[in-house]
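Engineer: If you scroll down you'll find the structure; I have some questions about it.
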Amino acid sequence: MEIRLLDKHNRAAVGRFLDRLESDRGRPALGESKFVDFDGPFRGRGLVAHEASSIVGYAHVLWHAAGGVWEMEVAAADELPDAALATLVATARSQADGELLWWTFGAGPEQAFAARHYPAYRSLHKLSGPLPPPEPATIPPGIRIAPFQVGVDEPAWLEVNNAAFAGHAENGQWTMAEITERQSRAWFSADGFRLAWLDDNLAGFCWTKVHDGGVGEIHVVGVHPAFQGRGIGRAIVVEALWYLAGIGCNVGMLYVDTTNTSALALYQSLGLGLERVDICFEVPNA
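Taking numbering that gives the first Met the number 0, the leading residue of the sequence shown gets 0, the next gets one more, and so forth.
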């Protein structure tokens, strides 16, 4: 097996490899932040594993300033032997000059291999369930729900997002560059970006995302720390699920950290059950 750096000459072929894995497994081969980096102005480090003329694996390593860590994701062909996967992971590890966390998504060769070799660091539950939700949206007094206004609401949203996700590797320390990039994506919908206002103050938000097959995702939920404890989070999630049902989604889904017991209880009370477990592993220096 030969490992090469991702460059302009092999990027299209890697993209086709990732598309094939997504089609075979029914889920994206890379998570949101890694795919955005792969598909956009590349800031990470990509490693491409070749057997003869075929791509059999890809590792994407990206620095997350907000969390102060490197994060890696690996997309490996099902038939890739453990020894070859170990070589790809070790080569990717050499690209990170600090703490490295490896995200794996559901049952697959990557998660099975990582579980045998590295300690688990964090895990997410993917929850899903039928829409509409089992309860109506009850909005707290004084709160007004409105769709995002492109070109107007970005500064207020960045302030709330970065306060709500202070220290979070993927969602913290966003700038106009990140929100502008997401607005350029085909899935972006200003109507599906639900904002909770108290007078002229943005208190929280629920960003939704529509997938094929009538699946609506609660993509990101955030409440400014100054407004937490007022029932805004539950209200805006339920309102967003009803919004998704209203535009034709019949399944709702989201991801939640397994240590966030209050959020797990909230989502389970809304009829969302466990579909998949994503596990992050800590990959130490050799």
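Using N, Cα and C, we set each Cβ at its ideal position, and we do this for glycine too.
Is His-59 near Gly-45, with beta carbons less than 9 Å apart?
Structural biologist: Yes; because the gap between Cβ atoms is below 9 Å, this pair is in contact.
Engineer: Is the CB-CB distance between Gly-66 and Asn-160 below 9 Å?
Structural biologist: No, they are not a contact pair.
Engineer: Which value, in whole angstroms, describes the spacing of the CA atoms of Val-73 and Trp-101?
Structural biologist: Cα to Cα, the separation comes out at about 8 Å.
Engineer: Could you name the residues of the same chain whose beta carbon sits closer than 8 Å to that of Glu-21, not counting the 5 residues immediately before and after it, in chain order?
Structural biologist: Result list for Glu-21: Pro-27 and Ala-28, in chain order.
Engineer: Using the DSSP secondary-structure output, state which residues sit across from Ala-195 in a beta bridge.
Structural biologist: Answer is Ile-144 and Gly-203.
Engineer: For the putative contact between Gly-212 and Ile-231, defined by C-beta atoms under 8 Å, what is the C-beta separation to the nearest angstrom?
Structural biologist: No, Gly-212 and Ile-231 are not in contact; Cβ-Cβ is about 30 Å, not under 8 Å.
Engineer: When you compare each of Asp-36, Arg-233, Leu-61 and Thr-260 to Thr-137 by their alpha carbons, which one comes out closest?
Structural biologist: Among Asp-36, Arg-233, Leu-61 and Thr-260, the Cα nearest to that of Thr-137 belongs to Arg-233.
Engineer: State buried or exposed for Val-149, treating a residue as buried only when at least 16 other CB atoms are found within 10 Å of its CB.
Structural biologist: Exposed: under 16 other Cβ atoms inside 10 Å.
Engineer: If you reduce the DSSP assignment to three classes, tell me which class Arg-229 lands in.
Structural biologist: Arg-229 falls in the coil class under three-state DSSP.
Engineer: Could you check where the beta strand (DSSP E) with Tyr-57 kicks off and where it finishes?
Structural biologist: Taken as a continuous stretch (DSSP letters only), the beta strand (DSSP E) holding Tyr-57 covers 53-63.
Engineer: Report the rounded CA-to-CA distance for Thr-260 versus Phe-280, giving the unit in angstroms.
Structural biologist: Those two C-alpha atoms are separated by around 21 Å.
Engineer: Kindly list the residues whose CB is nearer than 6 Å to the CB of Arg-3, restricted to its own chain and excluding five residues on each side of it in sequence; keep chain order.
Structural biologist: Here the set comprises Val-47.
Engineer: Starting from the Cα of Pro-108, find the closest Cα among Arg-24, Tyr-254 and Gly-228 and give me that residue.
Structural biologist: Taking only the C-alpha atoms, the option nearest Pro-108 is Arg-24.
Engineer: Can you give the beta carbon distance from Val-209 to Gly-228, rounded, assuming they're within the 8 Å contact cut?
Structural biologist: Contact flag wrong, Cβ pair sits at about 30 Å.
Engineer: If you check the beta carbons only, do Val-250 and Ser-127 fall under 9 Å apart?
Structural biologist: Yes.
Engineer: By the three-class DSSP mapping on this structure, what secondary structure does Arg-26 have?
Structural biologist: Looking at Arg-26 - three-state DSSP - the assignment turns out to be coil, as it is neither helix nor strand.
Engineer: Do Asp-81 and Phe-112 have their CB atoms nearer than 9 Å?
Structural biologist: Closer than 9 Å, so yes.
Engineer: Taking all protein chains shown into account, decide if His-124 is buried (16 or more other Cβ within 10 angstroms of its Cβ) or exposed.
Structural biologist: His-124 should be labelled buried.
Engineer: Should Tyr-57 and Leu-5 be called a contact, given that it needs their Cβ atoms to be closer than 9 Å?
Structural biologist: Against a cut-off of 9 Å, the Cβ pair of Leu-5 and Tyr-57 comes out as a contact.
Engineer: Name the one or two DSSP bridge partners that Pro-129 has.
Structural biologist: In DSSP, Pro-129 forms a bridge with Val-250.
Engineer: Within its chain, find whatever has a CB closer than 6 Å to the CB of Leu-87; leave out the 5 residues flanking it on each side and keep chain order.
Structural biologist: Ala-48, Gly-56 and Ala-58, listed in sequence order.
Engineer: Please report the residue range of the alpha helix (DSSP H) in which Val-35 lies.
Structural biologist: Residues 31-38.
Engineer: What is the residue span of the beta strand (DSSP E) that Met-0 lies within?
Structural biologist: Note, Met-0: premise wrong, no beta strand (DSSP E); not H, not E.
Engineer: Since Ile-178 and Glu-153 are thought to touch, with beta carbons under 8 Å apart, how far apart are those beta carbons, to the nearest angstrom?
Structural biologist: Yes, they are in contact, since the Cβ atoms of Ile-178 and Glu-153 sit about 6 Å apart, within 8 Å.
Engineer: With a threshold of 8 Å, establish whether the CB of Glu-109 neighbours any heavy atom of the ligand GTP.
Structural biologist: Absent from the structure shown: the ligand GTP. Ligands present: none.
Engineer: Since Met-71 contacts Ala-85 with CB under 8 Å, what's their CB separation in whole angstroms?
Structural biologist: Not a contact, Cβ separation roughly 14 Å.
Engineer: What do you reckon, are the CB atoms on Glu-134 and Leu-269 nearer than 9 Å?
Structural biologist: It is a contact, given that the beta carbons lie within the stated cut-off.
Engineer: Between the Cα of Leu-240 and those of Ile-278, Thr-258, Trp-206 and Phe-187, spot the shortest distance and give me the residue it belongs to.
Structural biologist: Cα-wise, what sits closest to Leu-240 is Trp-206.
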